[in-house]
Amino acid sequence: MFRFALQAIFAPHCHPSSRAASAMLLIARVIFASVLLRFFWNSFATKIDGFSLSDGAYYQILPHMFEAAGYDPAALAWPWHIVVLAGTLVEPFLPLLVVIGLATRPAALAMISFVIVMSLTDIFGHGVDAATVGAMFDPDPYGKILDQRLLWGFVLLVPAWLGGGAVSLDAMAWSRIARRRLNGCKPDLVA
21 MFRFALQAIF APHCHPSSRA ASAMLLIARV IFASVLLRFF WNSFATKIDG FSLSDGAYYQ
81 ILPHMFEAAG YDPAALAWPW HIVVLAGTLV EPFLPLLVVI GLATRPAALA MISFVIVMSL
141 TDIFGHGVDA ATVGAMFDPD PYGKILDQRL LWGFVLLVPA WLGGGAVSLD AMAWSRIARR
201 RLNGCKPDLV A
């Protein structure tokens, strides 16, 4: 079970000999970095105020609850502060993990989940209009939510399915783990 978990997290891709697969994985991660890394970092910046959460974080993540609390974070129950903190902290770190290719599969899956939650919050929490949501197979490719975020999800699906590829920190970690196994040592994940 432990070996399966290590392989699921760090194995660079399904077919180690395939240069085409590694190239595709690198391209997917570079496209993600080019299109979305700064988007998520800028969004993170709107949610912090020095070393604490801004009111914008609460408004962006819990719009209805924050409004019901009179736009006062102190009026929210403590578990909601953890939700806002978690949602804020994953925004810069998960994209970075995908880009550098570290724990790529779980990071990409978590990013896909994050994009889904973000989209649902925009649609139901912020109540954006139908034109902004868009629709599948419509003639307008400018729907900000459905069209764009389906593409984001597809770009993330490639590393979620195949891992980080040969040019990733996963590949470096996996080669170190495999080298230790070949030498008769159990992998030391702490060192």
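Letter 171 of the sequence shown, counting from 1, is numbered 191 in my numbering, and no numbers are missing. Even for Gly, the Cβ is constructed at its ideal location relative to N, Cα and C.
Query                                                                                                                                                                                                : Result
What is the DSSP secondary structure of serine 42, counted as helix, strand or coil?                                                                                                                 : helix
Tell me which residues share the same chain as cysteine 205 and place their Cβ nearer than 6 Å to its Cβ, disregarding the 5 neighbours each side in the sequence.                                   : Confidence at cysteine 205 is low in this model, with a pLDDT of 49, below 50, so its placement is unreliable and the value that follows should be read with caution. Closer than 6 Å at the Cβ level, and outside the excluded window around cysteine 205, lies no residue.
Would you mind giving the Cβ-Cβ distance between glycine 173 and threonine 124, rounded to the nearest angstrom? I have them listed as a contact below 8 Å.                                          : About 15 Å; that fails the 8 Å criterion.
If you draw a straight line from the C-alpha of leucine 56 to the C-alpha of alanine 130, how long is it?                                                                                            : 15 Å
Please go through the same chain and pick out, in chain order, the residues whose beta-carbon is closer than 6 Å to the beta-carbon of isoleucine 12, but skip the five residues on each side of it. : Residue 12 is absent from the structure shown; the chain starts at 21 and stops at 211.
Whether or not the region 45-54 and the region 105-122 are in contact is what I'm after, with contact meaning three or more pairs of Cβ atoms, one per stretch, closer than 8 Å; do they touch?      : yes
Pull up the distance between the alpha-carbon of valine 135 and that of leucine 176, whole angstroms please.                                                                                         : 10 Å
Leaving out the 5 sequence neighbours to the left and right, which residues in its chain are closer than 8 Å to glycine 147 when beta-carbon positions are compared?                                 : none
What residues in its chain sit with their C-beta under 6 Å from that of valine 187, if we drop five residues either side in the sequence?                                                            : Leu46
Please confirm if the region 68-79 is in contact with the region 91-105, defined as three or more CB-CB distances below 8 Å between the two stretches.                                               : yes
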